[in-house]
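This is how it looks when you write it as structure tokens:
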């Protein structure tokens, strides 16, 4: 059984990175492995936007990740520094910066790079998905 | 080591950059647009297969791009579970994007 | 905390995209958490180290100044692609930091002795 840490750097729609990472995660879990944490960095933070409206008949990448994370107890972390710059905020940050709404999907958590380093250190394999 | 390449050759320098520095005991997985390097008889596929390394290409990305029957036979097509397996077998995975 | 050898690879030039700046954050986080962090400036990534970056005119904070903080974080293993330096007509004197130039074989060896390699 192998424990994985994944980083997603590519945004949804413009790149395949989020979907490739999701497919990888499903395959890893189906094979009996563990995915400790998925860390969304750089433009990958947009995966955590709960207002993504997918093409008709599809599920948004945020919803897909949320569903999988809930079923399999995977930690979905969006890098707070990358996210703020790109306008992805949770309720706390929206309030802090006087913004009228938050857009981070509740299944994701904003946190720092310490969470990524922790995942790197405490897993067997690190795989990154760039855009 | 395992290397992943997700860009087509000539579009970005990922392909060249990876091949330049990857060592002898390595495997390469072509994913997303990287599967274009697996086209049979292409210069890219020739370069890859001349390397004496294990070369793989992700089937769903191949099929999506209409390349199902156009892949160099020396390149092994795998699904995502095969990709996961390769990651288990190699301690370090470097992604070229 | 366990210690791993994390290699951060800079492949993009500065400013045109944000990879260099965000990769620096990863390097500093690694160092702050007592990991063994090394930086490799590969291909176009060598241009990140060009000295005398006057970035105010493009409304960007100087990446050069941010990189200058690396020694404070005890990140001292800095490697640069010798071939790329030549390609970009840069000598060690043109760079803002003290780095070790590696040829292709040495780069391969550096990759292979790292536990985790993160391309940016």
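Chains as they are written, first to last, in this note's numbering: chain A, 19 to 149; chain B, 532 to 628; chain C, 324 to 443. All C-beta atoms in this analysis are idealised placements derived from N, C-alpha and C, irrespective of residue type, glycine included.
Cβ atoms of residue j and residue i: under 7 Å apart, would you say?
| i | j | result |
| --- | --- | --- |
| residue 122 (chain A) | residue 106 (chain A) | yes |
| residue 570 (chain B) | residue 535 (chain B) | no |
| residue 55 (chain A) | residue 99 (chain A) | no |
| residue 346 (chain C) | residue 396 (chain C) | no |
| residue 364 (chain C) | residue 411 (chain C) | no |
| residue 537 (chain B) | residue 611 (chain B) | no |
| residue 63 (chain A) | residue 114 (chain A) | no |
| residue 46 (chain A) | residue 566 (chain B) | no |
Look at the alpha carbon of residue i and the alpha carbon of residue j, and state the distance between them as a whole number of angstroms.
| i | j | result |
| --- | --- | --- |
| residue 94 (chain A) | residue 125 (chain A) | 7 Å |
| residue 132 (chain A) | residue 57 (chain A) | 11 Å |
| residue 53 (chain A) | residue 143 (chain A) | 10 Å |
| residue 48 (chain A) | residue 41 (chain A) | 11 Å |
| residue 557 (chain B) | residue 623 (chain B) | 10 Å |
| residue 382 (chain C) | residue 587 (chain B) | 44 Å |
| residue 541 (chain B) | residue 120 (chain A) | 41 Å |
| residue 31 (chain A) | residue 416 (chain C) | 43 Å |
| residue 28 (chain A) | residue 66 (chain A) | 12 Å |
| residue 435 (chain C) | residue 426 (chain C) | 14 Å |
| residue 362 (chain C) | residue 532 (chain B) | 18 Å |
| residue 25 (chain A) | residue 585 (chain B) | 25 Å |
Applying the criterion that 16 or more other CB atoms from any shown protein chain within 10 Å of the CB defines a buried residue, is residue i buried or exposed?
| i | result |
| --- | --- |
| residue 337 (chain C) | buried |
| residue 19 (chain A) | exposed |
| residue 351 (chain C) | buried |
| residue 324 (chain C) | exposed |
| residue 69 (chain A) | exposed |
| residue 36 (chain A) | buried |
| residue 74 (chain A) | exposed |
| residue 404 (chain C) | buried |
| residue 344 (chain C) | buried |
Quick check: is the beta carbon of residue i nearer than 7 Å to any beta carbon in chain A?
| i | result |
| --- | --- |
| residue 352 (chain C) | yes |
| residue 348 (chain C) | yes |
| residue 340 (chain C) | no |
| residue 327 (chain C) | yes |
| residue 615 (chain B) | yes |
Round the Cβ separation of residue i and residue j to the nearest angstrom and send it over; I've been treating them as touching at under 8 Å.
| i | j | result |
| --- | --- | --- |
| residue 560 (chain B) | residue 617 (chain B) | 6 Å |
| residue 420 (chain C) | residue 372 (chain C) | 6 Å |
| residue 626 (chain B) | residue 442 (chain C) | 6 Å |
| residue 374 (chain C) | residue 418 (chain C) | 6 Å |
| residue 440 (chain C) | residue 407 (chain C) | Residue 440 (chain C) to residue 407 (chain C), Cβ: 17 Å. No contact. |
Beta-carbon of residue i versus every beta-carbon of chain C: anything under 7 Å?
| i | result |
| --- | --- |
| residue 107 (chain A) | no |
| residue 95 (chain A) | no |
| residue 625 (chain B) | yes |
Would you say residue i lies against chain B (beta-carbon separation less than 7 Å)?
| i | result |
| --- | --- |
| residue 143 (chain A) | yes |
| residue 57 (chain A) | no |
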